[in-house]
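Structure, as structure tokens:
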Amino acid sequence: MLNNKVSIASGSYKEIRLWDVSTGNPIRTLTGHTDAVWSVAFSPDSGTLSSGSSDGTILLWTLARAN
Numbered sequence: 018m019l020n021n022k023v024s025i026a027s028g029s030y031k032e033i034r035l036w037d038v039s040t041g042n043p044i045r046t047l048t049g050h051t052d053a054v055w056s057v058a059f060s061p062d063s064g065t066l067s068s069g070s071s072d073g074t075i076l077l078w079t080l081a082r083a084n
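For the sequence shown, our numbering gives the first residue as 18, with consecutive numbering after it.
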């Protein structure tokens, strides 16, 4: 959850996009993988996102929260 809005993450080739599900608008794009992203998951507190890629890496993303 970013900015107190429900969001969803989607992976694609080399990037992850976070979406505001209430508006359908993109919130943020995360880059860092060098090949296709196959898996994304939020931590239980929604403060961290993990992503797995065909490049053989798992990245952890700290998601800032705004009040």
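Every residue gets a Cβ at the ideal spot worked out from N, C-alpha and C, and that includes glycine.
These numbers come from a predicted model, not from an experiment.
Annotation for residue 77: the continuous beta strand (DSSP E) segment containing it runs 75-79. Here residue 67 is actually not in contact with residue 53; their C-beta atoms are around 16 Å apart, not less than 8 Å. Taking residue 72 as the centre and dropping the five residues before and after it, the same chain places the C-beta of 50, 51 and 52 closer than 7 Å to its C-beta, in chain order. The residues 67, 68 and 69, in chain order, have a CB closer than 8 Å to that of residue 75 in the same chain once the five nearest residues on each side in sequence are set aside.
Judged by DSSP secondary structure, residue 40 falls outside any beta strand (DSSP E); it is assigned neither H nor E.
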